[in-house]
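There are 4 protein chains.
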Amino acid sequence: MRAVTFQAPGQVRVEEKPDPEVSAADQAVVQVEASGICGSDLHIFHGRVPVEPGFTIGHEFVGTVLAAGPDVERVAVGDRVLGCFHTACATCVPCLRGDYHRCDNGQTFGHGAHLGDLQGAQAEQLLVPRANLTLRRVPDGMSDEVALFAGDVMGTGYHAVAHAGMRSGDTVAVLGLGPVGLCAVQAALAGGATEVFAIDSVTQRLAMAGEFGATPIHLTEEEPKRVVRAATEKRGVDVVVDAVGDPGPLAMAVSLARDAGTVSGIGAYAGKGEVPLGLAWLKGLTLRLGLANVIAHVDRVLALIEAGKLDPSPLVTHHMKLDEAAEAYELYDQREALKIVLTP
Amino acid sequence: MRAVTFQAPGQVRVEEKPDPEVSAADQAVVQVEASGICGSDLHIFHGRVPVEPGFTIGHEFVGTVLAAGPDVERVAVGDRVLGCFHTACATCVPCLRGDYHRCDNGQTFGHGAHLGDLQGAQAEQLLVPRANLTLRRVPDGMSDEVALFAGDVMGTGYHAVAHAGMRSGDTVAVLGLGPVGLCAVQAALAGGATEVFAIDSVTQRLAMAGEFGATPIHLTEEEPKRVVRAATEKRGVDVVVDAVGDPGPLAMAVSLARDAGTVSGIGAYAGKGEVPLGLAWLKGLTLRLGLANVIAHVDRVLALIEAGKLDPSPLVTHHMKLDEAAEAYELYDQREALKIVLTP
Amino acid sequence: MRAVTFQAPGQVRVEEKPDPEVSAADQAVVQVEASGICGSDLHIFHGRVPVEPGFTIGHEFVGTVLAAGPDVERVAVGDRVLGCFHTACATCVPCLRGDYHRCDNGQTFGHGAHLGDLQGAQAEQLLVPRANLTLRRVPDGMSDEVALFAGDVMGTGYHAVAHAGMRSGDTVAVLGLGPVGLCAVQAALAGGATEVFAIDSVTQRLAMAGEFGATPIHLTEEEPKRVVRAATEKRGVDVVVDAVGDPGPLAMAVSLARDAGTVSGIGAYAGKGEVPLGLAWLKGLTLRLGLANVIAHVDRVLALIEAGKLDPSPLVTHHMKLDEAAEAYELYDQREALKIVLTP
Amino acid sequence: MRAVTFQAPGQVRVEEKPDPEVSAADQAVVQVEASGICGSDLHIFHGRVPVEPGFTIGHEFVGTVLAAGPDVERVAVGDRVLGCFHTACATCVPCLRGDYHRCDNGQTFGHGAHLGDLQGAQAEQLLVPRANLTLRRVPDGMSDEVALFAGDVMGTGYHAVAHAGMRSGDTVAVLGLGPVGLCAVQAALAGGATEVFAIDSVTQRLAMAGEFGATPIHLTEEEPKRVVRAATEKRGVDVVVDAVGDPGPLAMAVSLARDAGTVSGIGAYAGKGEVPLGLAWLKGLTLRLGLANVIAHVDRVLALIEAGKLDPSPLVTHHMKLDEAAEAYELYDQREALKIVLTP
């Protein structure tokens, strides 16, 4: 089969690889019909996340079950399925507490030996361990390119607001309108946010957030803190989603939150960062950081998409062929595409 | 001023009464511009809830602040305001835990000496104790008849789903499509319910629930349990709202809930009732019973109405004059009106 | 191997059976060194819970791992282990939500075909499916007879107060001082209950609860409601654990709870029951019913026992040999023993 | 009356002041029988928290009600009472959500005009606004010096673990064994922590934590991270309480927490600080920062002290007279006393 492999920083290549085979009772093999390129793939592309040369990358996928071990019960051969971006053992201490994203034995698709040595989804076929946990049937009538959001980007947007304890009737601000931020905007509105302030400096992204129902705020041409305070009787919002991930936005997030509010840091932080701890302490904030727990959310996210309450389709800006992966990565790296869907 | 008073079972009368006056620092007097007749007023009308003859009844209102004591800070004289159906002291043990509906010193408007000896809102003027807790400014552009839902019926619908811990992406069933049930349908959808099954035997109410976005199920012409199970992979729904209040519907509620789901009993139960405890135990259900905590919810409910996510206006089926109160109660007693709004 | 089997109502027999063998990657075989007789075994003994003649019964055990499939990671051959009373698949919808006790594919040890066709623990050897989820290493220095409580009776006592949301500083009442009730008394005190009212009519059980630190109340010689109200400024307690399971105690539980309090119905209800719904509604109570989710609790329960904060050893009133099972069941049926531990 | 007043950085003085008088319906005047000097008083003493010269300081107190307005219901003239360190209006938006510590109209005793212009408790008499919210009767048999902890330092220790969502059976680490840290150690153990690691560099404080039941770890002579990991199967603890407040300890707190654990930052942070955001994000931590919500906790804290589950008495290292306030502040500033109690 053909597969997109990492070769060196800035270089990916489509290579021929052997077809995967089921080797354990709870595994499945999926014929991939669509895969996505995600912001975290760029970390690999640039060599910031180390992956072995020749390793197949990609972690968003939709396809059809080709083969399944005897313990696979939630999906069957021939089912059209989507997957989560990682697997979990479901039995370790973190999993038992529902923290599947912190599984002791978790494996992330397409992230090299360091994250579980599990080949990626930008390929014609994919081996899926723990298929009961990771795969879901695609509801009838849902397109491939929509379904592949459920187990990754939209699951992350949902997590950003759900993990923050957002309640129906709350106000929200979202910093950073990449795919995750835009999905968080939708998730907040679907869950009853009465006003969502969407902050970025890219006009098209602001416009898209506005079409979703948010109040767009230009990061530099407007003063986000002033706008938010004016609209909230000077209180700030109940929940701030930081979908950027640098310390800078975190400082703004702290400034936008109401007293005793919550900042949901879903954007990947790295290293150390200077944080306005004094202000955060004075306000009595809660900061919830980390990767999304998409396995815990995927059923609800799928139901929301099926009900039309979440709709990632406007985020799909480009369709390309698997064989065009090299061009696709170049394009995505220029930050002009929101989501590129690859098909065989 | 004129006021609607209870006289005897089946008999209310508009009487002249002295204008109320502010006698404590945290009281306000409101010129009532619209008041509602509510299902619980019928309990008084029929003598099931004992109220002294001559007592002014009614507990839903919108109006303008005529006078306010020096401690009243959240509203000012001249403000257009709405109120909650009861007051609370905000400092007793239940209030400190946020259980304002169980306040040791709470007073309910228009429910006689037994519930705090606080004259009612179906009058030209109303004395409001603890005005900081009970009154809210009506947002610009919101009509009287919509605003008066926030502190009573819509607050109750919101409570029914929020108190049940409903999450965005959940499924819900609502039993009984009176005003509270219909508001619960809206609140569930606003908070992210992906499917709401609305169950009643009155065709118009089913149709209205359908227009709100619910899946109507006729109580007797269909089989609710079968319909719900077929639509939920035989699981049942995450949350059942029982907005009726007899043991019969509670039994159906237990049958519709999924394993480890929640039944929210918002309809007033009385006396003892036979409950399918064995089934509830086997399913591992949580039952949350009791009156709504509208003071805790009123700010979020108002924001949701203002944002257009909740809209009680279709429930207002009749407008009548305060002087027509006797006819209005007769009409409401025939269960043909959903909400009658009285204006001076 | 020898195993205690159900034969007919009132009749159990020790029989010779083939040794169990590992037949799946996540299974283990345990050499049982101690097993317990539990109140729910009496339901089988009396034929109220149907079990096939010849089926091995029992679901509380401690022993040593004899064999383990390749996927068994949390325990190893030679480890001294204890088990939970049931298994779960960890991947179905209820399991993904952490409701392991409502698993779609759960199996309960020693409860016949109806509850998963899993042979019981009152035997020399035991086949344990899903061993990663069900088995735990016994901490050094913990005796067999103490460890076997963690996965069943003490896990249930812990669940009764944790599932009710008891907080450090709360007051609690426990109705019914069988093993589960006595464990709930300990769990409440360990978690910070400031006063636990322990209610029963058996003098020795009241005395034992008193030794644990509870305030004993004789069910008939005292008036529980009056005693509890007098000690709680007439409020009632924050949490009531009903460890009996008939509608009668549930009515008392409702009467003992404070406004907006919680009743935790851990005792098995069956059929229908008359419940004081009016009072429960007026008080705004939450009722949490159902079997305990011991798999979710077993690690914390073990840690609490190891730390000396829970100590079930006083509940072990009798030690008998596996071969004396028939006499043991007779004895237990007379309700004189709290816990009988069987050893090979 | 005599009162301890701030004069200039490093200088406090006992002055004669007029007796306070009740001027609103919900106020009380308390004859102070004991007051405490607290770590936050040192911020005033050093001029870091600006207070007007001549302002009476102090915010921990026990005494007897001398006078009370007509709305004061929870205490009466002649009652022996303790107080919380601040008041709240109970009706603003934060208060309605239970966030009394973030009250829009809150006043802190003895912190100058900036924090509400409310004279302090290190005096013979004290005016207490919102007395229903702030005052509690001292349970019979509880000494003054113990009771005054409930509304400040012990309330803060309780908050540190409760706000972090600590559950019975969890493990905890406490950084910084000043009075708040030592109280957090007690609160964690009272609530069911199975092991509490108490970290500091002062031998006596470590010894005291050990006597309370904690595992003391010397900050510099041992390696806290290594000790904690070795004792927790390399996972880290469920909850870390940072009772110091500089970014340094926060970095250690992050390193000690388990994946998906919680860091409770109760020590006052100021300005900006460098935080290991990358590690916190990778672990998926929750950080809960800010002042304690003691009004929400005081009833449970008092009940725990009364039940003997919390006992701050070992923290009282010095008793001095009000007239010796200047010496007392000098002494406290040398960090040798844990708690100095002043009596008239």
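Residue numbers (the numbering used here), protein chains in the order written: chain A, 5 to 348; chain B, 5 to 348; chain C, 5 to 348; chain D, 5 to 348. Ideal placement from N, C-alpha and C gives every residue a C-beta, glycine not left out.
- By the criterion of a C-beta distance shorter than 8 angstroms, methionine 158/C is surrounded in its chain by Cys187, Gln190, Ala191, Val305, Ile309, Leu314, Pro316, once the five residues flanking it on both sides are discounted.
- Annotated as proximal: methionine 5/C and glutamate 128/C, with beta-carbon spacing under 8 angstroms.
- Arginine 134/C is positioned such that its CB atom lies closer than 8 angstroms to that of threonine 91/C.
- Unbroken alpha helix (DSSP H) runs of no fewer than 4 residues, entirely contained in the stretch 177 to 236 of chain A, are found at 183 to 194, 207 to 216, 228 to 235, following chain order.
- In the three-state reduction of the DSSP assignment, valine 34/A falls in the strand class, which pools E and B.
- Per DSSP, the continuous alpha helix (DSSP H) segment holding glutamate 334/D begins and ends at 329 to 337.
- The secondary-structure analysis by DSSP pairs leucine 346/B across a beta bridge with Ser39/B, Met324/B.
- DSSP places valine 53/A in the coil class of the three-state scheme, outside both helix and strand.
- The three-state secondary structure of glutamate 149/A, taken from DSSP, is helix.
- Here DSSP, grouped into helix, strand and coil, assigns valine 79/B to coil.
- For lysine 313/B, the nearest beta carbon of chain A is closer than 8 angstroms to its own beta carbon.
- Bounds of the beta strand (DSSP E) holding glutamate 19/C are 15 to 20.
- At a cut-off of 8 angstroms between beta carbons, arginine 304/D contacts chain C.
- Distance from the Cα of methionine 146/D is smallest, within the candidate group Pro253/D, Ala311/D, Leu289/D, Pro228/D, for Ala311/D.
- Within the DSSP secondary-structure output, glutamine 111/D pairs in a beta bridge with Thr91/D.
- Per DSSP, the beta-bridge partners of serine 268/D are Val245/D, Arg292/D.
- The DSSP-derived three-state label of leucine 314/B is coil.
- Per DSSP, the unbroken beta strand (DSSP E) holding glycine 277/D starts and ends at 277 to 279.
- With a threshold of 16 other beta carbon atoms within 10 Å, histidine 301/A meets it and is buried.
- At the C-beta level, glycine 196/B and glycine 173/B come within 8 angstroms of one another.
- Taking 8 angstroms as the threshold, the shortest C-beta distance from proline 54/D to chain A does not fall below it.
- Non-local beta-carbon contacts of alanine 194/A in its own chain, meaning distances under 7 angstroms to residues more than five positions away in sequence, involve Leu308, Lys313, Leu314 in chain order.
- Taking a beta-carbon distance threshold of 8 angstroms, arginine 292/D does not count as an interface residue toward chain C.
- A distance of 8 angstroms or more separates the beta carbons of glutamine 123/D and threonine 68/D.
- If you draw a straight line from the Cα of arginine 101/D to the Cα of alanine 125/C, it is about 50 angstroms long.
- Considering only Gly110/D, Gly62/D, Val55/D, Ala28/D, the residue with the shortest C-alpha distance to valine 345/D is Gly62/D.
- Lysine 343/A is classed as buried because its beta carbon has at least 16 other beta carbons within 10 Å across all chains shown.
- Comparing C-alpha distances from alanine 7/C to each of His118/C, Leu131/C, Pro54/C shows the shortest one belongs to Leu131/C.
- Neighbours of aspartate 103/D in chain A, taken as residues whose beta carbon is under 9 angstroms from its own, are Asp263, Ala264, Gly288 in chain order.
- The Cβ neighbour count for glutamine 15/C, taken over all protein chains shown within 10 Å, is under 16; the residue is labelled exposed.
- Beta-bridge analysis with DSSP links leucine 139/B to Gly87/B.
- Leaving aside the five residues that flank aspartate 108/D on each side, the residues in its chain whose CB is nearer than 8 angstroms to its CB run, in chain order, Cys93, Cys96, Val97, Pro98, Cys99.
- In this structure leucine 152/C touches glutamate 64/C by the C-beta definition: roughly 5 angstroms separates them, less than 8 angstroms.
- Straight-line measurement puts the Cα of valine 142/B at about 37 angstroms from the Cα of arginine 140/D.
- Check the Cα spacing between alanine 264/C and each of Ala247/B, Tyr104/B, His222/B: the tightest is with Tyr104/B.
- Contact annotation for threonine 160/D against chain B: no contact, minimum CB-CB distance about 17 angstroms [criterion: below 9 angstroms].
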